[in-house]
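Everything below concerns the one structure shown next.
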Amino acid sequence: MPPARPRILYATDLAYPARGRRYCDEDIFLTSRLRDDFDLALCHPRDAAALMAAFDAVVVRNSGPVLHYQNAYDDFRRRALADGTRVYNPLSGKADMAGKQYLLDLTTAGYPVIPTVDSADDLHLLPDADRYVVKPELGADSIGLRIVPAERVRDSADGNVLIQPCIDFAYEVSFYFVDHVFQYALYAPHTDRRWELEPYEPTEGDLEFARRFVEWNAIGHGIQRVDACRAPGGELLLVELEDLNPYLSLDALDDTGRDAFVAAMKASLHRFVAAEA
Numbered sequence: 036m037p038p039a040r041p042r043i044l045y046a047t048d049l050a051y052p053a054r055g056r057r058y059c060d061e062d063i064f065l066t067s068r069l070r071d072d073f074d075l076a077l078c079h080p081r082d083a084a085a086l087m088a089a090f091d092a093v094v095v096r097n098s099g100p101v102l103h104y105q106n107a108y109d110d111f112r113r114r115a116l117a118d119g120t121r122v123y124n125p126l127s128g129k130a131d132m133a134g135k136q137y138l139l140d141l142t143t144a145g146y147p148v149i150p151t152v153d154s155a156d157d158l159h160l161l162p163d164a165d166r167y168v169v170k171p172e173l174g175a176d177s178i179g180l181r182i183v184p185a186e187r188v189r190d191s192a193d194g195n196v197l198i199q200p201c202i203d204f205a206y207e208v209s210f211y212f213v214d215h216v217f218q219y220a221l222y223a224p225h226t227d228r229r230w231e232l233e234p235y236e237p238t239e240g241d242l243e244f245a246r247r248f249v250e251w252n253a254i255g256h257g258i259q260r261v262d263a264c265r266a267p268g269g270e271l272l273l274v275e276l277e278d279l280n281p282y283l284s285l286d287a288l289d290d291t292g293r294d295a296f297v298a299a300m301k302a303s304l305h306r307f308v309a310a311e312a
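According to the numbering used here, the sequence shown is numbered sequentially starting from 36.
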């Protein structure tokens, strides 16, 4: 008999109403290709905890902000960790998977990140700015994000938000990695149309910047997206390190680029399932 194929439970919310995008199309494409190598079933993230025991691994993909189902997600994490369930990405992620605390930690450690504080007492540590970005410490997908003038920023520091200077950046760029290996980069050349992504050719300096954060996160397997902005001085600054369910914008790639990403993800999943617990 041929060897049994790994069984993958693929958690995604196919009905998630993403702004200006159809996240479900990405997962329909990916699962159609992953089925070549794996026995695969899709489920809503709320159902993953009840189903995952029958599978070799759970892949968390475009599952939407967990704020919309926080109790179910917390139960999933608790049960997966207790039972030793393989979750891809691994639940040890230190970035968005664990909230926004990492932006404070990276700021304190001197990494090239948009300077971030969470207290009115620390506002003096930020560069002077006319406007500031205020966002919930447990936010996601820009939920609750506000831009406030300098004279009101102190009133916004209620202990549950992060505060950053509002940077007049040239463009945003994202770097996509599988198992610490760079795959491709995309950027939004028009700041008024941030959803229109185009392929970006990174310099060695760009890749060195992005790899610092992937290495810091220390996830052995999985997909990570490093979001950055090109600051007025020309340097890149981290906006977000997405390690839970990063949208991949595969529709912005050509067929060759999509095929290469699928091959990398398949190989990664095979290594992940075969690795010793």
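Don't be surprised by glycine CBs; every beta carbon is placed ideally from N, CA and C. From a predicted model like this one, the values you see are computed outputs, not experimental measurements.
6 Å CB neighbourhood of Tyr-222 in its chain, flanking five on each side removed: By 1-based counting over the sequence shown, the position of residue 222 is 187. Answer for Tyr-222: Tyr-206, Val-208, Tyr-235, listed in chain order.
field: Alpha-carbon to alpha-carbon, Val-93 and Val-122
entry: Taking the first residue of the sequence shown as position 1, residue 122 is located at position 87. Taking the first residue of the sequence shown as position 1, residue 93 is located at position 58. Rounded to whole angstroms, the separation of the alpha carbons of Val-93 and Val-122 is 5 Å.
query: Quick one, are the C-beta atoms of Glu-275 and Asp-153 less than 9 Å apart?
result: Along the sequence shown, one-based indexing puts residue 275 at 240. Along the sequence shown, one-based indexing puts residue 153 at 118. No, these two residues do not count as a Cβ contact at 9 Å.
query: What residue from Arg-246, Leu-272, Glu-231, His-215 has the CA that sits closest to Asp-203's CA?
result: Counting from one through the sequence shown, the residue named residue 203 turns up at place 168. When each option's Cα is compared against that of Asp-203, the closest is Leu-272.
field: Contact under 9 Å by Cβ, Ile-149 with Pro-200
entry: Residue numbering aside, residue 149 sits at position 114 when the sequence shown is read from its first letter. Residue numbering aside, residue 200 sits at position 165 when the sequence shown is read from its first letter. Yes, Cβ-Cβ distance for Ile-149 and Pro-200 is below 9 Å.
message: For Leu-139 and Asn-280, I'd like the C-alpha separation in whole angstroms.
response: For the purposes of this step, residue 139 is taken as the residue at position 104 of the sequence shown. For the purposes of this step, residue 280 is taken as the residue at position 245 of the sequence shown. For Leu-139 and Asn-280, the distance between alpha carbons rounds to 21 Å.
query: Is there contact here, the segment 64-73 with the segment 301-309, by at least three beta-carbon pairs under 8 Å?
result: Touching, per the Cβ criterion.
task: For the beta strand (DSSP E) containing Cys-78, list its first residue and its last residue.
output: For the purposes of this step, residue 78 is taken as residue 43 along the sequence shown, with counting starting at 1. Run containing Cys-78: 74-78, per the beta strand (DSSP E) assignment.
- prompt: Are the beta-carbon atoms of Leu-44 and Ala-117 separated by less than 9 Å?
  reply: Within the sequence shown, numbered from 1, the residue matching residue 44 stands at position 9. Within the sequence shown, numbered from 1, the residue matching residue 117 stands at position 82. Result no, Cβ atoms of Leu-44 and Ala-117 do not sit closer than 9 Å.
query: What separation, rounded to the nearest whole angstrom, lies between the Cα atoms of Asn-195 and Arg-40?
result: By 1-based counting over the sequence shown, the position of residue 195 is 160. By 1-based counting over the sequence shown, the position of residue 40 is 5. Each residue's alpha carbon lies about 46 Å from the other.
message: Is the beta carbon of Phe-212 closer than 9 Å to that of Ala-253?
response: Reading the sequence shown from its first residue, position 218 is the one you call residue 253. Reading the sequence shown from its first residue, position 177 is the one you call residue 212. For Ala-253 and Phe-212, no; Cβs fall outside 9 Å.
- prompt: For Gln-218 versus Phe-111, is the C-beta distance shorter than 9 Å?
  reply: Start at 1 with the first residue of the sequence shown, and residue 218 comes out as number 183. Start at 1 with the first residue of the sequence shown, and residue 111 comes out as number 76. Cβ atoms of Gln-218 and Phe-111: not closer than 9 Å.
field: Three-state secondary structure assigned by DSSP to Ala-92
entry: Along the sequence shown, read from residue 1 onward, the residue named residue 92 stands at position 57. Correct three-state label for Ala-92: strand.
- prompt: Three-state secondary structure (DSSP) at Ser-303?
  reply: In the sequence shown, residue 303 corresponds to position 268, counting from 1. Correct three-state label for Ser-303: helix.
- prompt: Beta-carbon separation of Lys-135 and Trp-251 under 9 Å?
  reply: Within the sequence shown, residue 135 is the residue found at index 100, counting from 1. Within the sequence shown, residue 251 is the residue found at index 216, counting from 1. Between Lys-135 and Trp-251, the C-beta gap is not smaller than 9 Å, which leaves the two residues out of contact.
message: Let's see if you can read the secondary structure: which residues bound the alpha helix (DSSP H) around Glu-65?
response: The residue you call residue 65 lines up with position 30 of the sequence shown. Here residue 65 is Leu; the residue named in the question, Glu, does not match the sequence. From DSSP, the alpha helix (DSSP H) with Leu-65 extends over 58-69.
- request: Determine the DSSP secondary structure at Ser-191, reduced to helix, strand or coil.
  value: Residue numbering aside, residue 191 sits at position 156 when the sequence shown is read from its first letter. In the three-state reduction of the DSSP assignment, Ser-191 falls in the helix class.
query: Is DSSP giving Phe-204 helix, strand or coil here?
result: Against the sequence shown, residue 204 aligns to sequence position 169. In the structure shown, Phe-204 sits in coil (DSSP, three-state: anything other than H, G, I, E or B).
Assigned secondary structure, Glu-233 (DSSP; H/G/I helix, E/B strand, else coil): Locating residue 233 in the sequence shown gives position 198, counting from the first residue. In the structure shown, Glu-233 sits in a strand (DSSP, three-state: E or B).
Nearest-angstrom Cβ-Cβ length linking Leu-9 and Arg-189, presumed shorter than 8 Å: Given a span of 36 to 312 for the chain in the structure shown, any question on residue 9 remains unanswerable.
message: Do Arg-293 and Phe-64 count as a contact pair if the criterion is CB distance below 9 Å?
response: By one-based count along the sequence shown, residue 64 stands at place 29. By one-based count along the sequence shown, residue 293 stands at place 258. It is a contact, given that the beta carbons lie within the stated cut-off.
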